[in-house]
Amino acid sequence: MKKTMSWTLAPLSGAVALALFLGPNVAAAEYDSIQVGNLAIGGALRANYTVGDYEGDRRDWDKGGDFLLDTARINLDYENGPWLGKMEYRWYNDAASSYNMLHTGWVGYRFENENQLEVGVTRAPFGPGAYGVSQSWFFDQHYYVGLSDNMNLGVKYTMPMGDWTWDVGYFYSDAGSYSGNNSDDSARYSYDVVDETGTGFEERNQVNFRGIYNIPNTEHEVGFSAQYGELKSNGPQSDGDMFAVSGHAVNRFGNWTLASQLSYYKYDVEEHDLLDVGGEVFRSDKLVQFGAYDYWNEVAAEAWIPAVSASYYHETPNIPWLDYVIPYAEYSSVVKRESDFNNSDLLVLGAAWARGNWYIYTDLAYSNGNGFVGGDTPYGEQLGANTTDDWETRININFGYYF
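Each residue of the sequence shown is one higher than the one before, counting from 1 in our numbering.
The following block contains the structure:
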């Protein structure tokens, strides 16, 4: 699917700790990229093995699962004195579709006081880190409602001030839809409000504010995030808007890390056209159309999201084929305010294994409301009404080579 990350740990310091906190999406810059002047050229190739509750599919238990090339990507990182730039483009492949999109594309400036400005397609500041509380291949449920690792077109400014780090951002729009063969508006990396009917909504004029406090003389961080954005109507309904707030913490105890987050969001929209997974149009003001990876789905317009993860970083100097391993356990849920909707829970148990340029995820996911876990429930409504409320299982092994 999409990801690569691991939490920072107390015994690590400086750039190494930052790289581990942000994960191989960023830490790939530490690999043997090609250097051309001030430009570093890197990338990754990833393949995926999947087996689980996918009746009648190659991924089904009885058929032994499926192994596919998952992702190819290219990374460009530029640094010349205070001037910075970053670009990432991705190509994806799955059993039913192939698609590609711009993931990141910004230019920036780092000031002498370590403040940093980024302009272009960059990550909206929301939650405890780039990937919320998660370090698994699946992320947590924040990602699937656009509140984690969400890339948008705009301006972001980061300000370290004593024990605080402040982020502010203005985003004119989402990062856009690129090339796919399954959707009109969902060939994108981040989950955004999409307009698959031509009469729905699109994101406009989003503002973000985040503060993270590093508690002195500890390895603990606490913070809060806020987001507000407009929803431009392309149909007869009025424009809408949305807001989200979140409290979050990262607590480190030696090699242990506990990350937690509680968020609330609401999309205030009038009844409008949505597209179900079968391509039929229906109307609702309790659901919003989201999309990514060339597929669209329904999301409840109002919900709470609790999320927590626990992990342990273990170096392996006596194992020649392994540098370190990070076992983890994660839980998150979309707790919907609409009484007729069922909640959407996601539990992931797994580990990340690192050796040289290799980074491998081994995950067991169990969910009653995530479109990437199981195929027996019709895709598209798991984060919306979730009428079936069926628990399904997926085992996933992602092999990633980063350069």
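Beta carbons: idealized from backbone N, C-alpha and C, even for Gly.
Meets three-Cβ-pair contact criterion under 8 Å: the region 219-239 and the region 196-211: With a cut-off of 8 Å, the region 196-211 and the region 219-239 count as touching, because enough Cβ pairs lie within range.
Distance, residue 41 Cα to residue 402 Cα: As a working note, residue 402 is residue 402 in the sequence shown. As a working note, residue 41 is residue 41 in the sequence shown. C-alpha separation (whole angstroms): 11 Å.
Nearest-angstrom Cβ-Cβ length linking residue 342 and residue 333, presumed shorter than 8 Å: Within the sequence shown, the letter at position 342 stands for residue 342. Within the sequence shown, the letter at position 333 stands for residue 333. Contact annotation, residue 342 with residue 333: C-beta distance approximately 11 Å; criterion of less than 8 Å not satisfied.
Whole beta strand (DSSP E) elements within the region 139-202, 3-residue minimum: Runs of the beta strand (DSSP E) spanning 3 or more residues and lying entirely within the region 139-202 occur at 151-161 and 164-174, in chain order.
Nearest to residue 365 (by Cα), restricted to the options 394, 209, 133 and 377: In the sequence shown, counting from the first residue as 1, residue 365 sits at position 365. The residue from 394, 209, 133 and 377 with its alpha-carbon nearest to that of residue 365 is 394.
C-beta atoms of residue 310 and residue 328 nearer than 8 Å: Taking the first residue of the sequence shown as 1, we reach residue 310 at position 310. Taking the first residue of the sequence shown as 1, we reach residue 328 at position 328. Contact flag set, yes.
Whole-number beta carbon distance between residue 169 and residue 130, since they are thought to touch under 8 Å: Counted from its first residue, the sequence shown places residue 130 at position 130. Counted from its first residue, the sequence shown places residue 169 at position 169. Contact doesn't hold; Cβ gap of about 14 Å is too wide.
In chain order, each alpha helix (DSSP H) run of at least 4 residues that lies wholly inside the region 24-82: Counting whole runs of 4 or more residues, the region 24-82 contains the alpha helix (DSSP H) stretches 24-27.
Given 8 Å, three or more beta-carbon pairs between the region 381-390 and the region 289-298: Taking 8 Å as the limit for Cβ pairs, the verdict is that the region 289-298 does touch the region 381-390.
Short Cβ contact (8 Å threshold) for residue 160 with residue 223: For this step, residue 160 is matched to residue 160 along the sequence shown. For this step, residue 223 is matched to residue 223 along the sequence shown. For the 8 Å CB-CB criterion, residue 160 and residue 223 do not form a contact.
Residue 134 in three-state terms, based on DSSP: Here residue 134 refers to the residue found at position 134 when the sequence shown is read from its first residue. In the three-state reduction of the DSSP assignment, residue 134 falls in the coil class, being assigned neither a helical nor a strand state.
Of the residues 346, 377, 397 and 400, the one placed nearest residue 54, counting alpha carbons only: Within the sequence shown, numbered from 1, the residue matching residue 54 stands at position 54. If you compare the alpha carbons of 346, 377, 397 and 400 with that of residue 54, the shortest gap goes to 377.
Neighbourhood of residue 227 by C-beta, 6 Å cutoff - its chain only, sequence neighbours within 5 removed: Numbered from its first residue, the sequence shown carries residue 227 at position 227. Taking residue 227 as the centre and dropping the five residues before and after it, the same chain places the C-beta of 126, 208 and 244 closer than 6 Å to its C-beta, in chain order.
DSSP three-state assignment for residue 275, whether helix, strand or coil: In the sequence shown, residue 275 corresponds to position 275, counting from 1. Residue state, collapsed to three classes: strand.
Stretch pair the region 187-201 + the region 210-225: three plus CB contacts closer than 8 Å: The region 187-201 makes no contact with the region 210-225, as fewer than three CB pairs between them are under 8 Å.
CA-to-CA distance, residue 197 to residue 437, given in whole angstroms: No answer is possible for residue 437: the residues shown for the chain start at 1 and end at 403.
Local Cβ density within 10 Å of residue 156, reported as buried at 16 or more and exposed below that: Within the sequence shown, residue 156 is the residue found at index 156, counting from 1. Counting every other CB atom within 10 Å of its CB across the protein chains shown gives residue 156 a total of 16 or more, marking it as buried.
Closest by C-alpha distance to residue 239, when choosing among 249, 267, 248 and 262: The residue you call residue 239 lines up with position 239 of the sequence shown. Closest by alpha carbon: 267.
Of the listed residues 101, 70, 105 and 51, nearest to residue 76 (C-alpha basis): Looking up residue 76 in the sequence shown gives position 76. Out of 101, 70, 105 and 51, the CA that lies nearest to the CA of residue 76 is found in 105.
Buried/exposed call for residue 46, threshold 16 Cβ in 10 Å: As a working mapping, residue 46 is identified with position 46 in the sequence shown. Residue 46 comes out buried.
Proximity below 8 Å, CB of residue 371 to CB of residue 379: If you number the sequence shown from 1, residue 371 lands on position 371. If you number the sequence shown from 1, residue 379 lands on position 379. Yes, they are a contact pair.
Integer-rounded CB distance, given that residue 50 should sit under 8 Å from residue 396: Translated into the one-based positions of the sequence shown, residue 396 becomes position 396. Translated into the one-based positions of the sequence shown, residue 50 becomes position 50. With a Cβ gap of about 5 Å, residue 396 and residue 50 count as contacting.
Identified DSSP bridge partners for residue 249: Walking along the sequence shown from the start, residue 249 turns up at place 249. DSSP output for residue 249 lists 222 and 260 as bridge partner(s).
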